[in-house]
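Participant: For the sequence shown, this note's numbering assigns the number 380 to the last residue and increments by one with no breaks. Supplied in structure tokens, the structure appears directly below.
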Amino acid sequence: MPKATTASIKAQNLHAVTAHIYTHHGVTKQDLQQTLGLSLPTISQNLRALEQSGLIAKGQTLDSTGGRRARTYVFQPQTRCAIGVGTASNQVTLCAVDLKGNVIAEEHHDITFSANPKSIANIGQKISRFAASLEGKGSHVLGAAFAIKGLISEDGSEVIYGNIMNDTGLELTALEKATGLKCALIHDSMASASAELWFDKSIHDAICLYLGRRPGGAIIVDGSISLGPNRRNGTIEHMTLVPGGLPCYCGNKGCMDPYCSTEFLTGDDKDTGKQSLDTFFASVRAGDEKTGARFDSWLGYLAQTINNVRNVLACDIIIGGAVTQYLTAEDFARLKTKCDSLNTFQSDTYQIRKSICGQEQEIVGAALHYIDPYVSSICE
Ligand SMILES: [Zn+2]
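Structure below.
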């Protein structure tokens, strides 16, 4: 075991104090003394350093039954943030995410995202203005991470498959130049799964299916996202469901994508998602036969997908994406019944559940690319 140096003990103490204040709201010196077993002078010294860095601030004083009233210290999550960038065909969404994973600012811009230099310059300008406004409010921007509807090169420097957004060949260096920030490219399903893990620390193994206009998947093994040697694990959307079936944007026929996308439900191939889904599900809930049959068919294809992937990795299924806000507990029960009827192993027990994350999951998840390691660096 390496010998602990004075510097390493000091760093350990600072991290322990930070971690305790990060995970508990309103902590006193006495709390820290009792929990961490540190001396009061050491605690005071660390609190001063953390206050100077802006990571903590003095909170309320607690009522006392005698002697001096105890001062509390609270973590300041907004002192650092990261920008998550979400891309749709005609809109770019920017979310600033703080050190607790909260969205503290959000902007929507009606601009096209592509690998085109003009498009990059335009987006870069919006992001650098957004970053400047955050810095102006005292929130230092750690970086900007793009949730990409495509595959990223092994070294993370380039979009190597961007048929959906026409961003194949988009380079990280071009985005860094245009934004003036440290940038990262993250496959959107991986970004969503990062949010899954951040907000639910109990996930051990799971297959995540994100069902929107363009479905995607991600695999979580041992509490981490399994990227695979080429960052291509979990591309369930291109698994063949119906040989020779409906054409997929990838060029093949019968992929899961055209059968489990929201377009299958709404018949709408434009990016008008929400409005069409509102109408579709209102019709299903009103008892309309045609839309009801369409929905049932969609659930059937989804059950087929789940059965197929669970024959490779027999774990729980988490379903997220735009469609989940419309799905009821009864819909999940119907889906489970369909899966059970396809399952070879009748004694199999597992869950299919809704993601606990919100609508902008992949954007928040992308920002966590900077937040997660930063929090680890100050707390561990
Ligand atoms: Zn495909």
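Heads up, the beta-carbon is just placed ideally off N, CA and C, and yes, glycines get one too. Please read these numbers as outputs of a predicted model, since none were measured by experiment.
Which residue comes first and which comes last in the beta strand (DSSP E) that contains His140?
Facilitator: Along the sequence shown, one-based indexing puts residue 140 at 140. In this chain, the beta strand (DSSP E) harbouring His140 covers 140–148.
Participant: Put Thr61 into one of helix, strand or coil per three-state DSSP.
Facilitator: Residue numbering aside, residue 61 sits at position 61 when the sequence shown is read from its first letter. Collapsing the DSSP output to three states places Thr61 in a strand.
Participant: Tell me, please, whether the segment 177–187 touches the segment 336–355 by the rule of three or more beta-carbon pairs shorter than 8 Å.
Facilitator: Too few Cβ pairs lie closer than 8 Å, so no.
Participant: For the segment 3–28, which segments carrying the alpha helix (DSSP H) assignment without a break, of at least 4 residues, lie completely within its bounds, in sequence order?
Facilitator: 6–23
Participant: List the whole-angstrom C-beta distance separating Val159 from Leu170, where the pair is believed to meet the contact cut-off of C-beta under 8 Å.
Facilitator: Indexing the sequence shown from 1 puts residue 159 at position 159. Indexing the sequence shown from 1 puts residue 170 at position 170. Contact flag correct, Cβ pair sits at about 4 Å.
Participant: Relative to the C-alpha of Ile83, which candidate in Ala366, Glu380, Leu55 has its C-alpha closest?
Facilitator: By 1-based counting over the sequence shown, the position of residue 83 is 83. Out of Ala366, Glu380, Leu55, Ala366 has the C-alpha closest to the C-alpha of Ile83.
Participant: Please identify the residue among Gly212, Ile219, Ala195 whose C-alpha is closest to the C-alpha of Asp205.
Facilitator: Looking up residue 205 in the sequence shown gives position 205. Looking at the Cα atoms, Ile219 is the closest of the given residues.
Participant: For the structure I just gave you, are there three or more beta carbon pairs, one from the segment 317–325 and one from the segment 284–293, closer than 8 Å?
Facilitator: no
Participant: On the DSSP letters alone, give me the boundaries of the alpha helix (DSSP H) that Gly86 sits inside.
Facilitator: Translated into positions along the sequence shown, residue 86 becomes position 86. Element bounds for Gly86: not the alpha helix (DSSP H) but the beta strand (DSSP E), 80–87.
Participant: Let me check one thing: in DSSP terms, what residues is Val159 bridge-paired to?
Facilitator: As a first step, residue 159 must be located in the sequence shown, where it is residue number 159. The partner list for Val159 (beta bridge, DSSP) reads Ile152.
Participant: Anyone know if the C-beta pair for Asp316 and Tyr350 falls short of 7 Å?
Facilitator: Start at 1 with the first residue of the sequence shown, and residue 316 comes out as number 316. Start at 1 with the first residue of the sequence shown, and residue 350 comes out as number 350. Taking 7 Å as the Cβ cut-off, Asp316 and Tyr350 qualify as a contacting pair.
Participant: Tell me the rounded alpha-carbon separation between Gly59 and Ala132.
Facilitator: Here the question's residue 59 lines up with position 59 in the sequence shown. Here the question's residue 132 lines up with position 132 in the sequence shown. Rounded to whole angstroms, Gly59 to Ala132 spans 28 Å at the Cα level.
Participant: How many Å lie between Ser276 and Leu94 at the Cα?
Facilitator: On the sequence shown, position 276 is the one that residue 276 refers to. On the sequence shown, position 94 is the one that residue 94 refers to. Distance between the alpha carbons of Ser276 and Leu94 is about 24 Å.
Participant: I need the DSSP call for Phe113, collapsed to helix, strand or coil.
Facilitator: As a first step, residue 113 must be located in the sequence shown, where it is residue number 113. In the structure shown, Phe113 sits in coil (DSSP, three-state: anything other than H, G, I, E or B).
Participant: Glu252: beta carbon under 6 Å from a heavy atom of ligand 1?
Facilitator: The residue you call residue 252 lines up with position 252 of the sequence shown. It is worth fixing the name first, because residue 252 is Asn in this sequence and not Glu. Yes, Cβ of Asn252 sits closer than 6 Å to a heavy atom of ligand 1.
Participant: Is the segment 69–77 touching the segment 10–25 in the sense that three or more CB pairs, one from each, lie closer than 8 Å?
Facilitator: yes
Participant: Beta carbon of Asp167, beta carbon of Ala88: below 7 Å?
Facilitator: The residue you call residue 167 lines up with position 167 of the sequence shown. The residue you call residue 88 lines up with position 88 of the sequence shown. No, Cβ-Cβ distance for Asp167 and Ala88 is not below 7 Å.
Participant: At which residues does the beta strand (DSSP E) containing Cys208 begin and terminate?
Facilitator: Translated into the one-based positions of the sequence shown, residue 208 becomes position 208. 206–210 is the extent of the beta strand (DSSP E) around Cys208.
Participant: In or out: Thr35 buried (at least 16 other Cβ within 10 Å) or exposed?
Facilitator: Against the sequence shown, residue 35 aligns to sequence position 35. Counting of Cβ neighbours within 10 angstroms places Thr35 among the exposed residues, the total staying below 16.
Participant: Could you work out which residue in Arg232, Glu360, Glu263, Gly234 is closest to Leu246 when comparing CA atoms only?
Facilitator: On the sequence shown, position 246 is the one that residue 246 refers to. Checking every option, the nearest Cα to that of Leu246 belongs to Glu263.
Participant: Count the other CB atoms, across all protein chains shown, that sit within 10 Å of the CB of Asp278; report buried if there are 16 or more and exposed otherwise.
Facilitator: Within the sequence shown, numbered from 1, the residue matching residue 278 stands at position 278. Exposed is the call here.
Participant: Compute every distance between the C-beta of His238 and the non-hydrogen atoms of ligand 1, then say whether any falls below 6 Å.
Facilitator: As a first step, residue 238 is located in the sequence shown; it is residue number 238 there, counting from the start. Within the cutoff, so yes.
Participant: Is the closest heavy atom of ligand 1 to the C-beta of Cys81 under 6 Å?
Facilitator: Position 81 of the sequence shown, counted from the start, is the residue given in the question as residue 81. Short note on Cys81: C-beta not closer than 6 Å to any heavy atom of ligand 1.
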